[in-house]
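Chemist: Provided herewith is a single structure, encoded as structure tokens, for subsequent inquiry.
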Amino acid sequence: MIRKVREVINEKGFIKKNWRNRVPVCIVYPDSYFVGMSNLALHLLYCTLNGIEDIVCERAFFEKGSESFSLESKRTLSSFEILFFTFSYELNYINVASILKNSGIPLLRKERNDKEPIPIIVAGGITVIANPEPISDFFDLFIMGDVEATIHEFMDSYLQAREKARGKILEELSKFPWVYNPSFLKINYRDDGKVSSFEPSDFKVKVNYYRGEPLGRSVILSTDTEFANMYLVEGTRGCPSRCPFCLMGNVYDFRVDEKSIYEAAEKNIDDIGLLGGGVSFLNTLPRIIGYLSDRGKNLHLPSLRIDKIPYELLEVIKDRVKTLTFGIEAGSFRLRRAIGKPISDEEIISNIEKIFNIAGFNLKLYFMIGLPDEKMEDIEAIFELAKKIRHVAVKKMAPRGFMSRLTIHISPFVPKPGTPLQWTRMDNLDSLEEKTKWLRSKIKKLGSLIFTHESIKYSFIQAILARGDRRLGFVVQKLAEGDNLRKIMLESPVNLGFYVYRERERDEIFPWDFIEGTRSKEDLYKAFEIFLSKLKNE
Ligand code: SF4
15 MIRKVREVIN EKGFIKKNWR NRVPVCIVYP DSYFVGMSNL ALHLLYCTLN GIEDIVCERA
75 FFEKGSESFS LESKRTLSSF EILFFTFSYE LNYINVASIL KNSGIPLLRK ERNDKEPIPI
135 IVAGGITVIA NPEPISDFFD LFIMGDVEAT IHEFMDSYLQ AREKARGKIL EELSKFPWVY
195 NPSFLKINYR DDGKVSSFEP SDFKVKVNYY RGEPLGRSVI LSTDTEFANM YLVEGTRGCP
255 SRCPFCLMGN VYDFRVDEKS IYEAAEKNID DIGLLGGGVS FLNTLPRIIG YLSDRGKNLH
315 LPSLRIDKIP YELLEVIKDR VKTLTFGIEA GSFRLRRAIG KPISDEEIIS NIEKIFNIAG
375 FNLKLYFMIG LPDEKMEDIE AIFELAKKIR HVAVKKMAPR GFMSRLTIHI SPFVPKPGTP
435 LQWTRMDNLD SLEEKTKWLR SKIKKLGSLI FTHESIKYSF IQAILARGDR RLGFVVQKLA
495 EGDNLRKIML ESPVNLGFYV YRERERDEIF PWDFIEGTRS KEDLYKAFEI FLSKLKNE
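By my numbering, the letter at position 94 of the sequence shown is numbered 108, and the numbering carries on one by one without gaps.
Written out as structure tokens, the structure is:
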């Protein structure tokens, strides 16, 4: 399958280095080419590794049911010395089992030995920085930090150690405080399933953050990806808003890279895609827009905050950009305020009117359901808000003789590790199904609105994996084999509801507590208390 993909896709900028006397490594993106090529961590890793003279770095993707081959030289994954997996989404953990098994590489870390030449299996990425434990049986090492701050040192160390036995190499690479070797840590559990202690008790892994510039940028342009033929720039990493549910806002400190946006204007490409959750907070955005626009560039935006709309930008892009995406997140002001988006219904409506005064943009509006303390009134509030937004659209579009496309997209709230909401429970499957059904039927009856939603089942699996521990290896394998979720739940040695449906005590030891990131557990708990007090404060 991968062979076919390589033949039909059209890429500019891929690097094909000669293998002679070089150390071959491969970046494995555990999802399709279409998804993976829009991931800037992959681009960054690819150009950083290929920038090292002694290394040849290729790429491989996951195509269901097929063995993964590298795109550049079409070699099997076992031909490489190191495989670098990068994760931005917990559900991709499931694909690791298929990728390794289909490549003839032992899935379990403990089954890889010194006797055969087996690649070293390494993982990194935002979900892994937050909690690598559910896949810790599959990986030799985890790189806990930004590519820019870690890869050079990691590879220098590997190049010096590579002639040694596999076990010795792993030991040497584990010397970095930001490299997590799961075989060095034993986790003990209590009878009730919670973690009782780490062994050694002072075991820590310190996330290594990059504080400089540039951040990520496209290296390869492809026609066969979500942002086809668009030059992507990571304008921000992290987000100053630090909404208590958001992984990006809590795992990273806020960083900005304006220089790369300006440099993008010099590229021989018309479309520039700006990425980063914190883009709404770039107060120099109007200047940037003017600069790019004067040079004939089209700027594409990520999802924005509805309370920070860059109207100047909308004026500039109105003839070229059709759809705008906003994360409103909750239907009621009470919940919006608690999750860090304190904007009233009136302000939302007034801001949407201003948008429609500029042009008849299509709007994609994201909401979450199942937030802590959510009541039926909060779900009804999503519907009421959708109704008001539809009303504004009809009023503004009628004189123009057309109707904007309005999409209401619903996702179940999934509590994430390393965020203030890591102590909360997820809403149960039946309740989420019912709320989704209710919203779908009400919104469909209104007409002129499109209703879409995330899969409830996959959100539940995502929730298990997000705050899971290393006892979940069995579950990940079964999911990879395509077993039915209910069957897995029955067969699993641990009750899967344990990971999802529990409120945690303040002092519970979490499986990821040995990771030292940008926010301490104490700091996160304070933010959680603020969240709770805002919920109560009607
Ligand atoms: S504004 Fe968006 S990206 Fe920023 S912390 Fe909140 S949810 Fe995350």
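Heads up, the beta-carbon is just placed ideally off N, CA and C, and yes, glycines get one too. Only a predicted model underlies this, so the values are computations on that prediction, with no experimental measurement involved.
#1: If we define contact as Cβ-Cβ less than 8 Å, is E25 a contact residue for chain B?
#2: Tell me the DSSP secondary structure of S87 in three-state form.
#3: Any heavy atom of the ligand SF4 within a distance shorter than 7 Å of the CB on G341?
#4: Select from D392, F375, I393 the residue whose C-alpha is nearest the C-alpha of R414.
#5: Do F168 and I157 have their C-beta atoms within less than 8 Å of each other?
#6: Using a Cβ-based criterion (distance less than 7 Å to any ligand heavy atom), does M169 qualify as near the ligand SF4?
#7: Go through its chain and collect everything with a Cβ distance to L328's Cβ below 6 Å, but skip five positions before and after it.
#8: Which residues in the same chain have their Cβ closer than 7 Å to the Cβ of R309, if we skip the five residues on either side of it in sequence?
#9: With distances taken between CB atoms, is the gap from T141 to F98 smaller than 8 Å?
#10: Look at R231 and L246 and say whether their C-beta atoms are less than 8 Å apart.
#11: For I234, does the three-state DSSP call read helix, strand or coil?
#12: Write down the C-beta distance between F545 and P254 rounded to the nearest angstrom, noting that I regard them as a contact closer than 8 Å.
#13: Excluding the five sequence neighbours on either side, which residues of its own chain have a C-beta within less than 8 Å of the C-beta of D284, listed in chain order?
#14: Just to check my reading of the structure: V221 and I529 have Cβ atoms closer than 8 Å, yes? What is that Cβ distance to the nearest angstrom?
#15: Tell me whether S117 is buried or exposed, calling it buried when 16 or more other Cβ atoms sit within 10 Å of its Cβ.
#16: Please report how far the alpha carbon of P556 lies from the alpha carbon of S150, in whole angstroms.
#17: With a Cβ-Cβ cutoff of 8 Å, do V406 and E468 count as a contact?
#18: Count the other CB atoms, across all protein chains shown, that sit within 10 Å of the CB of Y325; report buried if there are 16 or more and exposed otherwise.
#19: May I ask you to verify whether the region 531-548 touches the region 432-442, counting CB pairs closer than 8 Å and requiring at least 3?
#20: Does the distance from the CB of E72 to the CB of S84 come in under 8 Å?
#21: For F474, is the classification buried or exposed, using 16 other Cβ atoms within 10 angstroms of its Cβ as the cut-off for buried?
#22: Mind checking which residues open and close the alpha helix (DSSP H) that includes L246?
#23: When you compare the CB positions of L486 and L420, do they come within less than 8 Å of one another, or not?
#24: How many angstroms separate the CA atom of G159 from the CA atom of K409?
#25: Tell me whether the beta-carbon of A144 lies closer than 8 Å to the beta-carbon of V219.
#26: Going by C-alpha distance, which of S87, H166, Y47 is nearest C61?
#27: Mind listing which residues have their beta carbon within less than 6 Å of any non-hydrogen atom of the ligand SF4? Chain order is fine.
#28: Going by DSSP, which residues form a beta bridge with V489?
#29: Within the same chain, show all residues whose beta-carbon is closer than 7 Å to that of R17, passing over the 5 residues directly before and after it, in chain order.
#30: Quick one: residues in its chain with C-beta nearer than 7 Å to the C-beta of D535, no 5 flanking neighbours on either side, listed in chain order?
#31: Could you tell me which whole alpha helix (DSSP H) segments of length 4 or greater appear in the region 414-500?
#32: Taking 6 Å as the limit between beta carbons, can you name the residues of its chain near F347, skipping five residues before and five after?
#33: In whole angstroms, what separates the C-alpha of L479 from that of K492?
#34: What number of angstroms, rounded off, separates the C-alpha of S547 from the C-alpha of D387?
Modeler: In this structure, then:
#1: Absent from the structure is chain B; it holds one protein chain and no more.
#2: Three-state result, S87: coil.
#3: Yes, since a heavy atom of the ligand SF4 falls inside the 7 Å radius drawn around the Cβ of G341.
#4: Nearest option by C-alpha distance: F375.
#5: Cβ distance < 8 Å, so F168 and I157 count as in contact.
#6: Incorrect: M169 has no Cβ contact closer than 7 Å to the ligand SF4.
#7: Sequence-distant Cβ neighbours of L328 in its own chain, meaning closer than 6 Å and more than five residues away, are I372.
#8: Within its own chain, the residues whose Cβ lies closer than 7 Å to the Cβ of R309, once the five positions on either side in sequence are excluded, are A279, listed in chain order.
#9: With contacts defined by Cβ atoms closer than 8 Å, T141 and F98 do not form a contacting pair.
#10: Contact: yes.
#11: Under the three-state reduction of DSSP, I234 is assigned to coil, being neither helix nor strand.
#12: Not quite, the Cβ-Cβ distance comes to about 17 Å (not below 8 Å), so this is no contact.
#13: Same-chain partners within the cutoff: G310, K311, N312.
#14: With 8 Å as the limit, V221 and I529 qualify as a contact, their Cβ atoms being about 7 Å apart.
#15: Burial call: buried.
#16: Any question about residue 556 goes unanswered here, given that the chain covers just 15 to 552.
#17: In this structure, E468 does not lie closer than 8 Å to V406 by Cβ.
#18: With fewer than 16 Cβ atoms within 10 Å of its Cβ, Y325 is classed as exposed.
#19: Between the region 531-548 and the region 432-442 there are three or more inter-stretch CB-CB distances shorter than 8 Å, so the stretches are counted as touching.
#20: Yes. Within cutoff.
#21: When all chains shown are included, F474 counts as buried.
#22: Run containing L246: none in the alpha helix (DSSP H); it sits in the beta strand (DSSP E), 245-248.
#23: No. Outside cutoff.
#24: For G159 and K409, the distance between alpha carbons rounds to 49 Å.
#25: One thing to note: A144 has its Cβ no nearer than 8 Å to the Cβ of V219.
#26: Ranking the options by Cα distance to C61, first place goes to H166.
#27: Taken from the N-terminal end onward, the list reads C253, S255, R256, C257, C260, M262, G263, G291, G292, R319, G341, G354.
#28: According to DSSP, V489 bridges with nothing at all.
#29: Annotation note: pLDDT 44 at R17 (below 50); position unreliable, no value reported.
#30: Checking the sequence, you will find Lys at residue 535 rather than Asp. A distance below 7 Å between beta-carbons, with the five flanking residues on each side excluded, links K535 to the following residues of its chain, in chain order: D527.
#31: Segments of the alpha helix (DSSP H) lying fully in the region 414-500: 443-460, 470-480, 487-494.
#32: Exclusion of the five residues before and after F347 leaves S358 as the residues of its chain whose Cβ lies within less than 6 Å of its Cβ.
#33: Each residue's Cα considered, the two are about 13 Å apart.
#34: The alpha-carbon separation between S547 and D387 amounts to approximately 12 Å.
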